[in-house]
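Chemist: Start counting the sequence shown at 627; every next residue gets the next number (our numbering). Backbone N, C-alpha and C define an ideal beta-carbon position, used for all residues, glycine too. The structure is given below, and queries will be raised subsequently.
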Amino acid sequence: MKILLANPRGFCAGVDRAIEIVERALALHGKPVYVRNEVVHNKFVVNDLKSKGAIFVKEINEVPDQQVVIFSAHGVSQMVRTQAQHIHATIYDATCPLVTKVHKEVARKQKQNHQVVLIGHKGHPEVEGTLGQSSEGRQVVLVEDGKDVAQLNIGTDDNISYTTQTTLSVDDTQHIISELKDRFPNIKAPKKDDICYATQNRQDAVKALMQSADVLLVLGSRNSSNSNRLREIADKMNIPAYLIDGADEIKQDWIKNANIVGVTAGASAPEVLVQEVVNYLYDHGADELQEVDGAQENVHFPVPEELR
Ligand code: SF4
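Here it is, written out as structure tokens:
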């Protein structure tokens, strides 16, 4: 059995930065620090930070007054920012700069009196944060698929713009954008694609891998959007693919007939988990490993100045 490792895979610059912010805040202020939502969607990362003194909360009203509060990489609504200010929290914002770019875009378009349409998954924290950038006038409207586009109840005037969640399937999003353009021919695209470089590169890497792999293992938590999208690429090619939090979740049945096992990791899954999967595969019949060539990534986002 041969192991094919996707490249790039695993941590992106936004996740690296978010974890560093929590660790540096702990070093500066001591424990506990409160993190609103999972700082990144990965069980291993969250448990590690919990053991170091981070407390994860769903809402700001779970945080006592005058504590350290960190916003997750997915970003927050304006309302959450105001709530944190009201409890006199020391705030560190771990929102990925590429999500902040989307937030700023929404605010700018709304100032120009545009109706903004957001393509994304209902209930995902990033989507809630982006919807929560709506100014008092027009609300941002969410579409998840072509059916939502068909049912959109907005005028067909010139002032419509769309934006997207950063971690969507590049291919599915293209379809939804085409449908939006069919219904609203004057709709404006963002200046630069909102799907981030890390999502795009990891999806391209899996497509390359799936040219030869018989099965795909994706390291990533169930609630990680970009990890789910990686698994779906194999699904669409009718190749079995499994999303796992670690090597202990692998079932021997999945790999027993495979000659080539593809392995990748979502943007919030650490490399140590990939190495554990590789070790598992070596223990269960693998005798060769190949790293597939892919896009080079040199993106780095610095932490806020107060934490340097
Ligand atoms: S997946 Fe993309 S948008 Fe999300 S944290 Fe990473 S770089 Fe930022």
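Which residue comes first and which comes last in the beta strand (DSSP E) that contains K862?
Modeler: Not the beta strand (DSSP E): K862 falls in the alpha helix (DSSP H), residues S851 to K862.
Chemist: Verify the contact flag: G640, CB atom, against every heavy atom of the ligand SF4, threshold strictly below 8 angstroms.
Modeler: Yes, the Cβ of G640 comes within 8 angstroms of a heavy atom of the ligand SF4.
Chemist: Using only alpha-carbon positions, find the residue among N864, L845 and N779 that is nearest to D874.
Modeler: The candidate whose alpha carbon is nearest that of D874 is L845.
Chemist: DSSP three-state call for E914: helix, strand or coil?
Modeler: In the structure shown, E914 sits in a strand (DSSP, three-state: E or B).
Chemist: Taking only heavy atoms of the ligand SF4 into account, decide whether any of them is closer than 8 angstroms to the Cβ of L663.
Modeler: Position check: residue 663 holds Asn in this sequence, whereas Leu was assumed. Every heavy atom of the ligand SF4 is 8 angstroms or more from the Cβ of N663, so no.
Chemist: Please report the distance separating the alpha-carbon of N739 from that of I780.
Modeler: Cα-Cα distance, rounded: 13 angstroms.
Chemist: Is it buried or exposed for N714, if we count other Cβ within 10 angstroms and need 16 for buried?
Modeler: In the sequence as presented, Asn is not what sits at residue 714; that position holds His. Exposed, because fewer than 16 other Cβ atoms sit within 10 Å of the Cβ of H714.
Chemist: For G656, does the count of other Cβ atoms within 10 angstroms reach 16, so buried, or fall short, so exposed?
Modeler: That one is exposed.
Chemist: In whole angstroms, what separates the C-alpha of I886 from that of R662?
Modeler: If you take the alpha carbons of I886 and R662, they lie about 40 angstroms apart.
Chemist: For A715, which three-state DSSP category applies?
Modeler: Here A715 sits in coil by DSSP.
Chemist: Whether or not the stretch 688-704 and the stretch 915-929 are in contact is what I'm after, with contact meaning three or more pairs of Cβ atoms, one per stretch, closer than 8 angstroms; do they touch?
Modeler: Short answer: they don't touch.
Chemist: Under the rule that 16 or more other beta-carbon atoms within 10 Å means buried, what is R934, buried or exposed?
Modeler: Result: exposed.
Chemist: Measuring CA to CA, which of N687, Y788, N633 and G679 is closest to L654?
Modeler: Selected option, being the one with the closest Cα: G679.
Chemist: Less than 8 angstroms between the CB of V929 and some heavy atom of the ligand SF4, yes or no?
Modeler: Not so, every heavy atom of the ligand SF4 lies at least 8 angstroms from the Cβ.
Chemist: Would you mind stating whether H747 and S851 have Cβ atoms separated by less than 9 angstroms?
Modeler: It is a contact, given that the beta carbons lie within the stated cut-off.
Chemist: With DSSP run on the structure shown, which of helix, strand or coil describes I645?
Modeler: In the structure shown, I645 sits in a helix (DSSP, three-state: H, G or I).
Chemist: Just the C-alpha distance for A895 and D783, rounded to the nearest angstrom, thanks.
Modeler: When rounded, the distance between both Cα atoms is 43 angstroms.
Chemist: Measure the Cβ-Cβ separation of L842 and T890 and say whether it is below 9 angstroms.
Modeler: Contact: yes.
Chemist: What is the DSSP secondary structure of R650, counted as helix, strand or coil?
Modeler: In the structure shown, R650 sits in a helix (DSSP, three-state: H, G or I).
Chemist: Alpha carbon to alpha carbon, how far is T799 from G749? Give it in angstroms, no decimals.
Modeler: Roughly 18 angstroms between the two C-alpha positions.
Chemist: Do N668 and the ligand SF4 come close, with the Cβ less than 8 angstroms from some heavy atom?
Modeler: No.
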